[in-house]
Every structure is written in structure tokens, then in C-alpha cells.
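Q: In the numbering used here, the protein residues as written are 6 to 470.
One structure follows; several queries about it will come next.
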Amino acid sequence: MSGLDVGVYGLGVMGEAFALNLESRGLKVAVYNRTAKRTSQFIESRAKGKNIQGFTGLREFIESLSRPRMIILFVKSGRPVDDVIESLAGMLEKGDVIIDCGNSHFRDSDRRFAELGKRGIRFLGVGVSGGEEGALKGPSMMFGGDFSAYIEAENKIGRAAALFENSRCSGYFGDGGAGHFVKIVHNGIEYAVMQAIAEVYDYLWRGIGMSSGEVGSVFEEWGEGLLRSFLLEAAARVLKHLDPETGKPLVELIVDVAEQKGTGRWAVEAALELGVSIPTIAAAVDERTLTTQRTLRNPTTQKVSNSERRAGEALDTARDALLATITLSYIQGISLLEAGSRIYGFRVPEALRVWRAGCIIRSRLVEELYRELSWSPGEPAATALEKSHNQLEELLPSWVQFISHASGLRIPTPASMSALSYYLSLRSERLPANLIQGIRDYFGRHMFRRVDRDGYFHSDWGRGQ
């Protein structure tokens with residue numbers, strides 16, 4: 006078989022699924038894996054009888070592709086991507102396209118775009134969200150890199166993207182690492198939403214004494230309204246699933262240490278570099294880190310089941326707190342996207358558009374935010390906050406009650422707390438940063454600005470008297 010449409014390098018979970026997706030859309034697919042055994046297993050099982058050809062030699066893999074060649078990488082981020090690109094580049098021709106669909110850092114994609122461009126090879130860094138099911142049935146795809154390569158890729162691999170109301174959930178966000186920047190923001194929001202959901206589960210399970218299955222049923226009910234989302238649906242299914250060996254809820258048998266691949270941390274680092282406040286995303290990343298610090302964790306309480314609070318009241322306050330926290334998690338993400346858009350030149354609503362289906366953070370809230378922002382002339386984050394103001398004010402009393410009651414039961418709610426502090430800070434007429442500036446000037450002569458005149462000033466703070 007020759008003249009194949011596209012090549013997939015890397016047959017892990019995502020690579021296999023995406024190759025099958027591409028083939029199902031009418032493309033002839035070449036596949037290659039560093040270990041030949043993995044390629045053979047795939048060809049003889051899931052790819053059997055399909056328009057997919059496996060190769061054990063890299064040159065044969067490359068030569069099987071129609072020109073200009075288009076090779077998609079599903080490789081572990083970091084040095085492995087560089088190594089694979091280097092192994093490919095020497096056998097490619099000018100105009101060929103390398104597409105990195107892994108979870109790469111956007112700075113790495115910026116560098117690869119520039120380096121490959123000097124060699125005449127077009128590079129795309131693509132954020133792909135949706136997990137294995139999304140890769141197989143249709144993910145959300147965030148493209149960045151060479152625009153001419155994007156046009157060609159959209160006509161080929163773009164057809165594998167998820168659809169929302171017959172519109173592809175794929176889009177172009179600018180040169181270099183723009184697509185991977187948007188994906189990092191997506192993952193930051195994902196961290197925050199998952200942490201918020203976990204806190205509500207903890208409160209209802211340990212604090213109110215509901216069973217895991219009961220909490221799952223509550224999440225299912227909430228998922229029919231404003232909180233409809235893939236992540237809440239996933240949480241409900243996990244909570245209701247029983248371990249076949251013990252008959253117990255499987256979630257209760259999982260060690261309470263949350264692992265991470267680093268993309269949430271990258272979002273926080275990017276926000277710090279760009280001067281953007283994303284405290285709820287940062288709190289979610291920090292809490293995952295805290296769960297790993299087993300020697301510091303010294304439990305003083307076990308499952309609390311004697312709360313006198315009525316379940317109905319507890320459910321209402323927990324639901325409201327969750328909605329408020331998730332709303333502000335998205336707004337923080339939009340704020341970071343806004344900062345990134347000044348670098349890469351994309352429109353913030355475009356990210357929301359491609360997040361409406363296929364991706365992990367798809368939700369009713371994303372759909373509503375896209376509708377609100379798609380035609381708004383104002384700054385996206387400020388507009389989103391204003392559009393959400395009335396609802397957040399209505400949720401505020403329940404939100405505060407949830408945090409207060411959870412704290413009284415010694416149940417931590419870092420995501421909800423950080424979101425509340427974020428909201429109150431944004432809505433405060435005056436913040437105590439004036440005292441901070443005064444102290445900085447006191448010990449370091451850092452100077453300060455005054456409210457009654459222009460310029461920077463220093464005071465001896467009475468020490469010269």
C-alpha cells in the first residue's frame with residue numbers, strides 16, 4: 006500500500022484510538038511505533054481489516070505517505086518529542102508536516118516551530134482533549150503553528166474532531182505553541198473543576214454521612230441542570246461503581262493520593278509569568294501536591310457522620326457553592342486565555358467554541374459563556390464576570406454557608422475558598438494592598454503611589470524624627 010493519507014507515530018492509548026478515528030473518516034492511515042511488537046499487535050487486532058497499514062521501519066513508514074507528508078505524533082512530552090522529530094526530520098522534505106498531538110509545553114512548541122521552519126518543515130502543535138473515547142469518536146482539537154499546514158490538516162485530520170451542532174470542535178489559534186497554550190489553560194480549568202467536585206463529594210460523604218452511591222445519584226440529578234458537564238457525569242459514574250471483588254464502592258478503595266502529569270502546574274506558571282490571577286486553578290494543583298505528602302498528613306478526624314444539618318439544606322448549599330466555584334474557574338481560565346491572546350493573536354471565544362464538545366471540560370457553562378462572549382466587544386474575562394454577577398450574588402449566601410459548615414467539620418475546601426476570595430477581591434472597592442506597599446517602602450524603600458497625586462513617593466515613616 007502506498008500513497009497513504011496520513012501517518013501516526015506512537016501507538017499508545019491515544020495514538021491507536023486516533024488512528025482508528027481517522028480511518029473511520031475515510032483516510033488511509035500508516036502507523037509506526039518504536040517497538041515493532043506494539044505495531045504488529047495493533048494491526049492484528051483493532052486495525053484488522055481496516056485501511057490501516059503498519060510499518061516496522063521508519064523510512065518505509067515515511068515513504069508510504071503521499072506528499073506533502075503529514076505525520077502525527079502521539080509521544081510523551083519533553084525530550085522524547087524532540088528525539089522523534091530529529092529522527093524524522095532528516096528523512097523529510099521541504100513542505101512536509103509534523104503534528105505534535107501530545108501534551109507538550111507551549112514554549113517547546115514555539116521552539117520546535119521555529120527550528121523546523123528553518124529546515125523547511127512545517128510544524129503544528131495540537132492540543133487534543135477527550136481522552137481515549139474522544140480520540141476514537143471525536144476530540145476537541147486546538148491547532149497552533151504553520152497556518153498553511155493547518156489548512157491542509159483541517160481538511161484531513163480535522164474531520165476526526167467532535168461536532169457540536171454540525172460544527173467541528175477544532176480551530177487555529179496562531180503560530181508556534183498557541184494550540185498547546187490553549188490546551189494548558191483547558192487542563193488548568195480541568196484541575197479546578199475536578200477539585201471542586203471532589204470537595205463537594207467529601208462534604209456530603211464525610212460531613213453529611215451520605216453513601217458514595219447516594220452522592221453519585223445527587224450528581225446525576227444536578228447534571229440535568231446548570232451543572233451539566235462531562236466531569237460531573239464522570240464523577241457520578243465513579244461514585245456509583247461497585248468493586249466486583251468486595252462489593253464496596255470502588256472509589257472508597259482508591260488511595261487518596263492524586264497524581265498529575267504537570268499540565269496544571271504549567272497553567273499556574275504561565276499565569277505567574279503573564280501576571281494573571283488564577284487562584285482556584287492554583288489551589289487545585291497545590292491540593293494534588295499536598296495529597297502526596299504522606300509524612301506531613303496527620304489525620305485528626307475520620308469520617309464524620311453525626312452532622313445535625315438537614316441533608317436537603319446541605320445539598321442546596323453544596324450545589325450552589327459548586328456552581329459558583331466552577332463558574333469562577335472558567336472565568337480564571339478565560340483571564341489566562343486573554344493574556345495568551347495578546348501573544349498569539351487568537352480570539353478567546355474561539356477556545357470556548359472548540360470546547361463545547363469532545364473535550365474533558367465540555368459543559369453547559371462553556372456553551373453559555375461562548376454565547377455570551379462570541380459577539381461581545383469587551384474584554385472577555387471582565388465581560389464573563391459581569392454576565393455572571395447576578396447569579397454569583399444569588400449563590401453567595403449558600404456558598405459562604407457551605408464553606409463555613411465544611412470548615413466546622415474540619416473538611417477542607419481549598420477550591421471553593423479560593424474562588425470565594427477571588428470573587429470578593431474582585432468586587433471589593435478597596436483591598437489592603439496599600440498596607441503591603443507601605444511595609445515594602447518601610448523596609449526596602451520600594452516607594453508607593455498615592456491616591457491624591459501622581460508619581461511615586463517614599464516616606465521615612467517617622468524614623469527621622
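Backbone N, C-alpha and C fix where the C-beta goes; we use that ideal spot for every residue, glycine too.
These figures come from a predicted structure and were not determined experimentally.
1) In this structure, what does DSSP give as the bridge partners for residue 35?
2) Here's a check: name, in chain order, each residue in its chain whose Cβ is nearer than 6 Å to the Cβ of residue 127, leaving out the five neighbours to either side.
3) Going by DSSP, what residue range makes up the beta strand (DSSP E) through residue 129?
4) Is residue 303 closer than 9 Å to residue 185 when the C-beta atoms are compared?
5) In the DSSP assignment, find the alpha helix (DSSP H) that holds residue 365 and state where it starts and stops.
6) Evaluate residue 149 with the Cβ neighbour count: other Cβ atoms within 10 Å of its Cβ, from every protein chain shown; 16 or more gives buried, anything less gives exposed.
7) At what residues does the alpha helix (DSSP H) containing residue 228 begin and finish?
8) Under the three-state reduction of DSSP, which class applies to residue 67: helix, strand or coil?
9) Let me know the secondary structure DSSP gives residue 376 once reduced to three states.
10) Please give me, in chain order, every unbroken run of the alpha helix (DSSP H) with length at least 4 that falls completely inside the region 241 to 278.
11) Suppose the cutoff is 6 Å on Cβ atoms and the five residues either side in sequence are ignored; what does the same chain contact list for residue 357 look like?
12) Under 9 Å between the Cβ atoms of residue 213 and residue 316?
13) Using 10 angstroms around the beta-carbon of residue 260, count the other beta-carbons present and answer buried if the total reaches 16, otherwise exposed.
14) Roughly how many whole angstroms lie between the Cα atoms of residue 24 and residue 322?
15) Three or more beta-carbon pairs under 8 Å between the region 175 to 194 and the region 58 to 76, yes or no?
16) For the beta strand (DSSP E) containing residue 78, list its first residue and its last residue.
17) Where do the N-terminal and C-terminal ends of the alpha helix (DSSP H) with residue 351 fall, by residue?
18) Within a Cβ cutoff of 7 Å, which residues of the same chain sit near residue 51, ignoring the five residues on either side of it in sequence?
19) Kindly identify the DSSP beta-bridge partner or partners of residue 461.
A: So, from the listed chains and residues:
1) Reading the sequence shown from its first residue, position 30 is the one you call residue 35. Looking at the DSSP assignment, residue 35 forms a beta bridge with 12, 58.
2) Mapped onto the sequence shown, residue 127 falls at position 122. These residues qualify, in order along the chain: 102, 151, 154.
3) Taking the sequence shown and counting its residues from 1, one reaches residue 129 at position 124. Residue 129 -> beta strand (DSSP E) spans 127 to 134.
4) Along the sequence shown, read from residue 1 onward, the residue named residue 185 stands at position 180. Along the sequence shown, read from residue 1 onward, the residue named residue 303 stands at position 298. No, the pair does not count as a contact, with Cβ atoms beyond the cut-off.
5) Along the sequence shown, one-based indexing puts residue 365 at 360. No alpha helix (DSSP H) holds residue 365; DSSP gives it neither H nor E.
6) For the purposes of this step, residue 149 is taken as the residue at position 144 of the sequence shown. So residue 149 ends up on the buried side.
7) Taking the first residue of the sequence shown as 1, we reach residue 228 at position 223. Where residue 228 is concerned, there is no enclosing alpha helix (DSSP H), given that its DSSP letter is neither H nor E.
8) Locating residue 67 in the sequence shown gives position 62, counting from the first residue. Three-state result, residue 67: helix.
9) Numbered from 1 along the sequence shown, position 371 holds the residue referred to as residue 376. Helix, per DSSP.
10) none
11) In the sequence shown, counting from the first residue as 1, residue 357 sits at position 352. 371, 374, 375.
12) On the sequence shown, position 208 is the one that residue 213 refers to. On the sequence shown, position 311 is the one that residue 316 refers to. Yes, the Cβ-Cβ distance between residue 213 and residue 316 is below 9 Å.
13) The residue labelled residue 260 in the question sits at position 255 within the sequence shown. Residue 260 comes out exposed.
14) Translated into the one-based positions of the sequence shown, residue 24 becomes position 19. Translated into the one-based positions of the sequence shown, residue 322 becomes position 317. About 45 Å.
15) no
16) Stepping through the sequence shown from its first residue, residue 78 is reached at position 73. Where residue 78 is concerned, the enclosing beta strand (DSSP E) stretches over 75 to 78.
17) Numbered from 1 along the sequence shown, position 346 holds the residue referred to as residue 351. Unbroken run through residue 351: none, as it is neither H nor E.
18) Reading the sequence shown from its first residue, position 46 is the one you call residue 51. Excluding sequence neighbours, residue 51 sits near 21, 25.
19) The count along the sequence shown starts at 1 and reaches residue 461 at position 456. In the DSSP output, where bridge partners are listed per residue, residue 461 has 454.
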